[in-house]
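Student: This note's numbering applies: residue 110 is where the sequence shown begins, and numbers increase by one.
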Amino acid sequence: MRPGADPEKVEAQIKNFITPYLKSNIGRGFRPELGIQRLDQIYLNSIFKDGKPDGGRIEYVRLFSMVAVFILLIACINFMNLATARSVKRAKEVGVRKTVGALRLRLVIQFIGEAFLIAFLAAIAGFVLVKLALPWFNMLTGKHVVLPVESLSFWLSISTLLLITGFVAGSYPALFLSSLNPVKVLKGALKFSPNALLFRKGLVVFQFVLSIVLIIGTIIISRQVRYIQTKNLGFDRENLIYIHFPYPEGLAYGYKVFKQELLNAPGIKAVDFSGQAPLHIANMIYDLNWEGKDPNSKEIVIRNFIGYDYLKLMNIQISQGRGFSRD
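Following this line, the structure appears as structure tokens:
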């Protein structure tokens with residue numbers, strides 16, 4: 110679009126552009142409209158509902174982000190528990206500093222600052238590990254994921270995450286340690302209050318609950334992936350190769366010769382053509398009519414062009430009728 114153009118106004122203007130050119134029978138149950146979508150958003154937002162983007166691969170991004178937040182939260186809780194458990198060793202330090210006049214605020218800032226430092230060092234270690242593992246990850250998944258180190262928003266996001274993590278992880282230990290009574294600490298009579306013990310137990314329980322939820326989620330997802338990998342899709346996909354031709358018009362004239370040449374090659378058992386890949390859902394026909402059809406039903410039929418040997422090649426079982434015949 111032109112620089113400065115308003116996408117919403119443009120979409121409103123072209124929404125019903127094709128309506129006058131449509132046949133009258135199209136409108137029964139379906140109403141085609143035109144819309145626009147940013148090119149850099151198509152990959153993650155490929156599912157539409159009522160003509161508007163409604164999810165897609167972005168759901169995986171949200172899911173993994175949620176898992177990452179859970180793991181980070183577990184780490185923060187673990188840090189709180191460990192820091193509180195080590196409070197006995199640091200209690201005398203707090204008692205001496207309070208005795209010589211240290212303010213509670215300065216102690217809080219010190220302990221939260223230590224949490225920030227540990228989070229910063231952890232971020233550096235994580236960044237190095239990701240940088241080293243990314244080539245292997247891309248090779249394993251077949252993707253091309255990169256670290257946007259040149260993006261200012263990336264570093265702002267990392268910095269914000271560091272600040273939140275350091276504050277969440279260090280706030281409770283800082284408040285707990287800074288609240289210790291210096292007299293009791295120096296006398297060696299340090300005891301945890303019932304409320305402090307209850308809070309620590311609650312953190313441990315919450316930590317284990319999150320861990321169990323993540324483990325159960327991992328098991329369910331792995332079983333779903335295994336189900337997809339072993340599901341009978343209605344055709345034999347073993348030793349099957351699909352070759353996509355972007356411009357099949359030229360191949361159509363010499364298809365018989367091309368097919369025979371392939372069949373003469375060793376290792377090739379059968380060859381045939383198809384208008385699209387077996388699992389590619391496209392070329393849909395809406396609102397078909399036939400004798401005796403329920404007027405309230407709105408079936409969607411997937412249309413495909415196939416050769417005479419396609420059903421036999423794919424080992425597709427016909428539920429009714431028969432396959433195509435050259436006769």
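Even glycine gets a Cβ: it sits at the ideal position worked out from N, Cα and C.
In this text, all values refer to a predicted model and were calculated from it rather than measured experimentally.
Note the first and the last residue of the continuous alpha helix (DSSP H) segment covering residue 123.
Tutor: What you label residue 123 is simply residue 14 of the sequence shown in a count that begins at 1. First-last of the alpha helix (DSSP H) with residue 123: 116-123.
Student: At which residues does the alpha helix (DSSP H) containing residue 186 begin and terminate?
Tutor: Residue numbering aside, residue 186 sits at position 77 when the sequence shown is read from its first letter. Its alpha helix (DSSP H) spans residues 167-194.
Student: Among 326, 111, 152 and 317, whose alpha-carbon lies nearest the alpha-carbon of residue 252?
Tutor: Reading the sequence shown from its first residue, position 143 is the one you call residue 252. Nearest option by C-alpha distance: 152.
Student: Between which two residues does the alpha helix (DSSP H) containing residue 248 stretch?
Tutor: Numbered from 1 along the sequence shown, position 139 holds the residue referred to as residue 248. From DSSP, the alpha helix (DSSP H) with residue 248 extends over 213-250.
Student: Measuring alpha carbon to alpha carbon, tell me which of 375, 381 and 376 ends up nearest residue 366.
Tutor: Within the sequence shown, numbered from 1, the residue matching residue 366 stands at position 257. Nearest C-alpha to residue 366: 381.
Student: Please state the DSSP three-state secondary structure of residue 157.
Tutor: Reading the sequence shown from its first residue, position 48 is the one you call residue 157. Residue 157: strand per DSSP, three-state reduction.
Student: Tell me whether residue 395 sits in a helix, a strand or coil according to DSSP, three-state version.
Tutor: In the sequence shown, residue 395 corresponds to position 286, counting from 1. Three-state result, residue 395: strand.
Student: Can you tell me the Cα-Cα spacing of residue 329 and residue 170, whole angstroms?
Tutor: The residue labelled residue 329 in the question sits at position 220 within the sequence shown. The residue labelled residue 170 in the question sits at position 61 within the sequence shown. If you take the alpha carbons of residue 329 and residue 170, they lie about 18 Å apart.
Student: How is residue 288 classed by DSSP in three states: helix, strand or coil?
Tutor: Position 179 of the sequence shown holds residue 288. If DSSP states are grouped into helix, strand and coil, residue 288 belongs with coil.
Student: On the criterion of 16 or more Cβ atoms from any shown chain inside 10 Å, does residue 216 qualify as buried, or is it exposed?
Tutor: Translated into positions along the sequence shown, residue 216 becomes position 107. Buried, since its Cβ has 16 or more Cβ neighbours within 10 Å.
Student: Three or more C-beta pairs under 8 Å: does that hold for the segment 242-251 against the segment 149-163?
Tutor: No, they do not touch.
Student: Whose C-alpha, out of 317, 281, 436 and 304, is nearest the C-alpha of residue 220?
Tutor: The residue given as residue 220 occupies position 111 in the sequence shown. Answer by Cα proximity: 281.
Student: By the 10 Å Cβ neighbour count, where 16 or more other Cβ atoms means buried, how is residue 391 classified, buried or exposed?
Tutor: Numbered from its first residue, the sequence shown carries residue 391 at position 282. Exposed.
Student: Classify residue 188 as buried or exposed, calling it buried when 16 or more other Cβ atoms lie within 10 Å of its own Cβ.
Tutor: Numbered from its first residue, the sequence shown carries residue 188 at position 79. Result: buried.
Student: Using the Cβ count rule (16 or more neighbours within 10 Å means buried), how would you classify residue 421?
Tutor: Translated into the one-based positions of the sequence shown, residue 421 becomes position 312. Per the 10 Å Cβ criterion, exposed.
Student: From residue 288 to residue 207, what does the alpha carbon distance come to, in whole angstroms?
Tutor: Here residue 288 refers to the residue found at position 179 when the sequence shown is read from its first residue. Here residue 207 refers to the residue found at position 98 when the sequence shown is read from its first residue. Each residue's Cα considered, the two are about 10 Å apart.
Student: Does residue 268 come out as helix, strand or coil in the three-state DSSP assignment?
Tutor: Numbered from its first residue, the sequence shown carries residue 268 at position 159. Note: residue 268 maps to helix in three-state DSSP.
Student: To the nearest angstrom, report how far apart residue 375 and residue 353 are at their CA atoms.
Tutor: Within the sequence shown, residue 375 is the residue found at index 266, counting from 1. Within the sequence shown, residue 353 is the residue found at index 244, counting from 1. Between residue 375 and residue 353, the C-alpha separation is close to 21 Å.
Student: Hey, residue 228 and residue 269 are a contact pair by Cβ (cut 8 Å); roughly how many whole angstroms apart?
Tutor: Counted from its first residue, the sequence shown places residue 228 at position 119. Counted from its first residue, the sequence shown places residue 269 at position 160. Actually they are not in contact, since the Cβ atoms of residue 228 and residue 269 sit about 12 Å apart, beyond 8 Å.
Student: Taking the alpha carbon of residue 110 as the point to measure from, which residue in 146, 404, 399 and 371 has its own alpha carbon closest?
Tutor: Numbered from its first residue, the sequence shown carries residue 110 at position 1. Of the listed residues, the one whose Cα sits closest to residue 110 is 146.
Student: How big is the Cα-Cα spacing for residue 276 and residue 178?
Tutor: As a working note, residue 276 is residue 167 in the sequence shown. As a working note, residue 178 is residue 69 in the sequence shown. Spanning the two alpha carbons is a distance of roughly 15 Å.
Student: With a threshold of 8 Å on Cβ separation, who are the neighbours of residue 424 within its own chain once the five nearest residues in sequence on each side are excluded?
Tutor: Against the sequence shown, residue 424 aligns to sequence position 315. The residues are 344 and 345.
Student: Excluding sequence positions up to five away, which residues of its chain have a Cβ less than 6 Å from the Cβ of residue 176?
Tutor: One-based indexing of the sequence shown puts residue 176 at position 67. Excluding sequence neighbours, residue 176 sits near nothing in its chain.
Student: Less than 8 Å between C-beta atoms, sequence neighbours within five positions excluded: which residues of the same chain meet that for residue 409?
Tutor: Position 300 of the sequence shown, counted from the first residue, corresponds to residue 409. Around residue 409: 393, 394 and 395.
Student: What do you reckon, are the CB atoms on residue 232 and residue 265 nearer than 8 Å?
Tutor: On the sequence shown, position 123 is the one that residue 232 refers to. On the sequence shown, position 156 is the one that residue 265 refers to. In this structure, residue 265 does not lie closer than 8 Å to residue 232 by Cβ.
Student: Going by the DSSP bridge assignment, what does residue 257 pair with across the sheet?
Tutor: Your numbering for residue 257 matches position 148 in the sequence shown. None, per the DSSP bridge assignment.
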